[in-house]
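Trainee: Position 152 of the sequence shown, counted from 1, bears residue number 180 in this note's numbering, the numbering being contiguous throughout. Beta carbons are placed, not taken as given, at the ideal position from N, Cα and C, and that holds for glycine.
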Amino acid sequence: MKFFLMQKLAESRHFMNHMRKEVEIVRGCIGQLTAVIAELQAMDDQDEVHDSLLAAKDAKHGEETKLTTLNEVIAEALADIETLETDVEILDGENNDCEPYWLFFALMPPEFPIRRLKALKFSYLKTDKMKVVFDQARREEASLKALMRDVYCSLRVSLSKKRRLATELEALEDQGDAVRVLENMKEIVSRDSVTLDLEQLLAHAQFELDLKDGYLVDVGEKAWVLVMVADLFGVC
């Protein structure tokens with residue numbers, strides 16, 4: 029149980045750090061797009077660059093929206109980490125509280141059947157607590173996955189707009205002022221293509237959800253058997 033929580037805590041911290049790196053990348057893109065917009069606005073033939081300027085402004089707005097969403101994801105991850113840390117502390121306290129009871133059972137004669145029945149009851153109680161924690165973790169994972177899906181969809185749309193802008197700038201490449209703008213856009217598109225690795229994180233989140241669903245079903249079946257056996261022998 030504690031192993032699962034510690035593993036989940038490590039994964040959440042890793043994910044949060046990854047999202048913070050994405051925030052830095054997005055901020056860099058916003059800065060570059062701001063420079064692109066300024067250079068386009070400084071060109072003499074504004075009619076020629078009008079569409080490209082609108083596309084650059086649209087792309088910048090998309091990056092700003094993405095930044096807001098990423099910050100929401102980070103806030104969600106931080107809340108998840110705080111909850112997991114609290115669960116670990118509670119579990120540590122419960123394990124310490126149970127030690128005297130396990131010592132009592134260990135000192136009982138092996139032929140005394142109530143020893144095993146009591147152990148079954150404790151096993152059920154711990155299993156029930158595990159089910160509650162796993163259910164809570166699953167809900168948090170589902171919420172985080174939904175936010176990740178929003179970020180990923182935003183990335184796809186933003187990348188499509190930037191590629192279109194780069195294509196439009198290539199048509200202006202014969203103008204000397206457009207060369208540097210085009211190079212900036214190509215760099216931004218290249219970085220966004222790498223950022224789409226979030227798709228792997230999204231798939232991993234879905235795998236974690238499926239895993240927890242299967243575990244909750246398994247725990248529920250085992251808990252039902254344990255409590256039936258314990259109640260059958262009148263163990264409280």
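My output table needs one value for Met71: the three-state DSSP class, helix, strand or coil.
Mentor: coil
Trainee: Taking buried to mean at least 16 other C-beta atoms within 10 Å of its own C-beta, is Thr96 buried or exposed?
Mentor: exposed
Trainee: Suppose contacts are defined by Cβ-Cβ distances below 7 Å. Is Lys94 in contact with Val64 by that definition?
Mentor: Taking 7 Å as the Cβ cut-off, Lys94 and Val64 do not qualify as a contacting pair.
Trainee: Taking contact to mean 3 or more Cβ pairs, one atom from each stretch, closer than 8 Å, check whether the segment 106-115 and the segment 68-79 are in contact.
Mentor: Result no; under three Cβ-Cβ pairs closer than 8 Å.
Trainee: Nearest to Asn45 by alpha carbon, out of Val101, Leu68, Ala83?
Mentor: Val101
Trainee: Should Glu113 be labelled buried (16 or more other beta-carbon atoms within 10 Å of its own) or exposed?
Mentor: exposed
Trainee: Return the CA-CA distance between Glu92 and Ile58, expressed in angstroms with no decimal places.
Mentor: Looking at the two C-alpha atoms, the distance is approximately 7 Å.
Trainee: Cα-Cα, which of Gln69, Val51, Met34, Lys36 is closest to Ala103?
Mentor: Comparing Cα-Cα distances from Ala103 to each of Gln69, Val51, Met34, Lys36, the minimum goes to Val51.
Trainee: Spatial neighbours of Leu68 within its chain, please: C-beta separation below 7 Å, excluding the five flanking residues on both sides.
Mentor: These residues qualify, in order along the chain: Val77, Ser80, Leu81, Ala84, Val209.
Trainee: Report the residue from Phe43, Asp72, Asp86 whose alpha carbon sits nearest the alpha carbon of Asn99.
Mentor: The shortest CA-to-CA distance from Asn99 to any of Phe43, Asp72, Asp86 is the one to Phe43.
Trainee: If I measure Cβ to Cβ from Met47 and keep anything under 8 Å in the same chain, skipping five residues before and after, which residues do I get?
Mentor: Excluding residues within five positions, the ones whose Cβ falls inside 8 Å are Leu98, Val101, Ile102, Ala105.
Trainee: Which residue's Cα is closest to the Cα of Lys88: Arg192, Thr62, Arg41?
Mentor: Thr62
Trainee: By Cβ distance below 6 Å, which residues in the same chain neighbour Ala38 in space, the five residues on each side in sequence not counted?
Mentor: Result list for Ala38: empty, nothing under 6 Å.
Trainee: Measuring only the C-alpha atoms, how far is Arg41 from Arg192?
Mentor: 36 Å
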